[in-house]
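S.K.: Starting off with a structure, shown below.
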Amino acid sequence: MQLLESTPAVPCAPQGKPLPAAITSARPLPVELGGDGLTHEAWSADLATLGYQNADLAVPLITSLRASVALALCAEDRSDFNERYVRPMAAGALRGSFAYTERHDVFALQTRLTPAEGGGYRLDGEKIWVTGAETADVFVVYAMREGGDLRAVVVDRDLPGVSVEPIVGSGLPGAGFGRVIFDDVAIAEERILTSQDGISHAQQFLNGRRLLLLAGLTGRMRAVMEACIEYGGDTVRYGQRLADMPSYQSGIGRLNALLHTSKQLLVAGARAMDAGNCHTHWDTDVTSAKWMVTELAQEFALQAMKLCGGAGFEHNHPASRFHRDVAGLVAGAGAQDVIQIDLGVMAITTYERQRTES
Amino acid sequence: MKVKFSGTLLRFVDFRREVTIEEAASPFAALEKLGAQFPKLKPVLFTPEGEVRRVHRVFVSGEQVLGDEFNREISPSDDLEILTAIAGG
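From first to last, the protein sequence lines are chains P and F.
My numbering numbers the first residue of the first sequence as 950 and each following residue consecutively.
My numbering numbers the first residue of the second sequence as 143 and each following residue consecutively.
The following block contains the structure:
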């Protein structure tokens, strides 16, 4: 079995198809900072196109991540951040990543910002599963100051004491996951984000990410379904094309239903965000959409492999790759089991509250 | 005044789903009393600048407290509920 080499974290053109040249991480950024000012719905459509045209689901994932980090820095409304980071990010000259996850919950994060003699801070700690770490130039890092005060801080990769170790996932080869280690890194006061506290900042960032992740996913689902249709059209059994057999048509229908349901959840969430109808830090509809589409995508992947038989089990087959890539969303962007607990708590407390009132 | 908590915050209030605090004049004052009664909860509820962290959804007798409503008047018979959902990356 020939293993895939890790693909670069940039959009790549599949054979015979033109590169969608206009789809870059700049697209949702403000026009005055070099972007195109796309809405969530329009940006989601772009990301779906990237997902459709690229065999590695990491391509829309990374493209949207870089944009989300740039938007987070833009939201600080600071001219120094805009010139040093946002404009270069819009131009593709800098790439940002979000360094949040540790083997601890958010109230017990161990990465520390300690006041330094003469001003500023020293940053020490480690973040795991940092998406895009391998090729990032800038990290937004969540670190604890005295008194349990979590803060987001911008850290340039080339600062002394910053190092990255790759983490290889079972899918998403182009995602460039990494462990980022901060060893006595000198941090100036002005690198600390001040628009809101670190916990709130991280939750708002993740709330938006949960929806955008679905966009590339729906594009890839369409591509995988088309690969199954092509296989069914090319494969003849007992004198009949698979695509002409009701059992195969039913299987494709299942894929189509899963795809369209996922798209509807994505579009509804994107439109709600554009209309300002979402909770900014933990939206029930957006979070439910992430949970549901991840569950549907896993079922989709298995169904696609069933339709393609042995071919679907080949390492490079779209169905097989999709099956591995989707697994990354089980734990990523809000682990499925944690989301379920939170949704359950929300439902129970809402019901009990309403029952008390009535 | 009774205050209820969701799972994420339980460990800061000795795993008690519901606690009782002194009467408070506003939701903000009620949260301050909570912080005084449970010191570990205080930095979880409030930023160092003294603002209520935006990740918490606070309800007064079933009605969510939004934005600038934390200083509105509440009655001694009101109860509080704090829902906090925290997502990972």
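Backbone N, C-alpha and C define an ideal beta-carbon position, used for all residues, glycine too.
#1: Please go through the same chain and pick out, in chain order, the residues whose beta-carbon is closer than 7 Å to the beta-carbon of residue 988 of chain P, but skip the five residues on each side of it.
#2: Starting from residue 1170 of chain P and walking both ways along the beta strand (DSSP E), at which residues does that stretch end?
#3: Going by C-alpha distance, which of P:1156, P:1272, P:1117 is nearest residue 1283 of chain P?
#4: Between residue 1019 of chain P and residue 1039 of chain P, is the Cβ-Cβ spacing less than 8 Å?
#5: Alpha carbon to alpha carbon, what distance is there between residue 1260 of chain P and residue 1277 of chain P?
#6: Which word fits residue 1009 of chain P, buried or exposed, when buried means at least 16 other C-beta atoms lie within 10 angstroms of its C-beta?
#7: Taking only three categories from DSSP, how would you classify residue 1019 of chain P?
#8: If you run the structure through DSSP and keep just helix, strand and coil, what is residue 1253 of chain P?
#9: In the DSSP output, which residue or residues are listed as bridge partners for residue 1070 of chain P?
#10: From P:1271, P:1189, P:1013, P:1152, pick the residue whose C-alpha is nearest to that of residue 1246 of chain P; which is it?
#11: Starting from residue 995 of chain P and walking both ways along the alpha helix (DSSP H), at which residues does that stretch end?
#12: Give the C-beta separation of residue 1081 of chain P and residue 1014 of chain P to the nearest angstrom, bearing in mind that I take them to be a contact with Cβ-Cβ under 8 Å.
#13: Can you give the Cα-Cα distance for residue 1235 of chain P and residue 1227 of chain P, rounded to whole angstroms?
#14: Taking C-beta to C-beta, are residue 1165 of chain P and residue 997 of chain P nearer than 8 Å?
#15: Count the other C-beta atoms from every protein chain shown that fall within 10 angstroms of the C-beta of residue 1109 of chain P, then say buried if there are 16 or more, exposed otherwise.
#16: At a Cβ cut of 7 Å, what residues of the region 162-196 of chain F count as close to chain P, listed as they run along the chain?
#17: Checking 8 Å against the spacing of the C-beta atoms, do residue 1149 of chain P and residue 153 of chain F come in under that value?
#18: If I measure Cβ to Cβ from residue 1053 of chain P and keep anything under 7 Å in the same chain, skipping five residues before and after, which residues do I get?
#19: If I follow the unbroken alpha helix (DSSP H) through residue 146 of chain F, where does it start and stop?
#20: Residues of the region 202-214 of chain F with a CB closer than 9 Å to any CB of chain P: list them in chain order, please.
#21: Along chain F, which residues have their Cβ under 7 Å away from the Cβ of residue 1149 of chain P?
#22: Pull the bridge partners of residue 1095 of chain P from the DSSP assignment, please.
#23: Going by Cα to Cα distance, which pick from P:1134, P:1091, P:1161, P:1122 is closest to residue 1265 of chain P?
#24: Apart from the five residues on each side of it in sequence, which residues of its chain come closer than 7 Å, Cβ to Cβ, to residue 184 of chain F?
#25: Do you know how far the Cα of residue 226 of chain F is from the Cα of residue 149 of chain F?
#26: Put residue 1007 of chain P into one of helix, strand or coil per three-state DSSP.
#27: So that I know if they touch, is there some Cβ in chain P lying closer than 8 Å to that of residue 157 of chain F?
#28: Between residue 1287 of chain P and chain F, is the shortest Cβ-Cβ distance under 8 Å, so that the two count as touching?
#29: So who's on the other strand from residue 1053 of chain P, going by DSSP bridges?
#30: Rounded to whole angstroms, what's the CA-CA distance from residue 1201 of chain P to residue 1253 of chain P? Just pull it up for me.
#31: For the region 1039-1062 of chain P, enumerate the residues whose C-beta is nearer than 9 Å to any C-beta of chain F, in chain order.
#32: Taking Cβ positions only, does residue 160 of chain F come closer than 8 Å to chain P?
M.R.: Taking the geometry as given:
#1: 1223
#2: Residue 1170 of chain P -> not in any beta strand (DSSP E); alpha helix (DSSP H) instead, spanning 1147-1183.
#3: P:1156
#4: yes
#5: 23 Å
#6: buried
#7: helix
#8: helix
#9: P:1064, P:1136
#10: P:1271
#11: 989-1002
#12: 6 Å
#13: 8 Å
#14: yes
#15: exposed
#16: 185, 186, 189, 190, 195, 196
#17: no
#18: 1059
#19: First-last for residue 146 of chain F: 144-147, but that is the beta strand (DSSP E), not the alpha helix (DSSP H).
#20: 203, 204
#21: 195, 196, 197
#22: For residue 1095 of chain P, which the question treats as bridged, DSSP gives no partner whatsoever.
#23: P:1122
#24: 177
#25: 8 Å
#26: helix
#27: no
#28: yes
#29: Beta-bridge pairing links residue 1053 of chain P to no other residue.
#30: 8 Å
#31: 1047, 1048, 1049, 1050, 1054, 1055, 1056
#32: no
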